[in-house]
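Just so you know, we're using this note's numbering here: the sequence shown kicks off at 882 and counts up by one. All C-beta atoms, glycine included, are put in the ideal place defined by N, C-alpha and C.
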Amino acid sequence: MHPTVNIDTATPTGPRIVLTITGALDMDTVAHITTATDPLTLEGRTLVLDLAAVTFIDSSGLNTLLILRNRVEAEQGTLELRGLPDQALRLLDITGARALFTLTP
882 MHPTVNIDTA
892 TPTGPRIVLT
902 ITGALDMDTV
912 AHITTATDPL
922 TLEGRTLVLD
932 LAAVTFIDSS
942 GLNTLLILRN
952 RVEAEQGTLE
962 LRGLPDQALR
972 LLDITGARAL
982 FTLTP
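So this is what it looks like as structure tokens:
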């Protein structure tokens, strides 16, 4: 089995950049998130990660989200997580990380 993650990036115009992520967000796929977000200019913008179609997030995925959150905040931007599945919400609750993110349905 080959873990996969797909990332669709909306054209970054205006104050919001939306990335739609599909599949597992785990140690085998988190590098794709970094590859997709590293070139983005986030200063003063909102980066929205649409995670509604994510099937699984492990600790590597959570760590990647935390690192991205820190980067966005350092650039005076905002990170918004949209449509988190129940498994991801439980992971945020168990680790106490839910309060660190802006969550939208």
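For ARG963, the three-state secondary structure derived from DSSP is strand. With a threshold of 16 other beta carbon atoms within 10 Å, GLY925 falls short and is exposed. With 16 or more other Cβ atoms inside 10 Å of its own Cβ, ILE938 counts as buried. In this structure, PHE982 sits away from LEU970, with a CB-CB distance that is not shorter than 8 angstroms. With fewer than 16 neighbouring CB atoms inside 10 Å of its own CB, GLY977 falls in the exposed class. The C-alpha of GLN957 lies about 29 angstroms from the C-alpha of GLY904.
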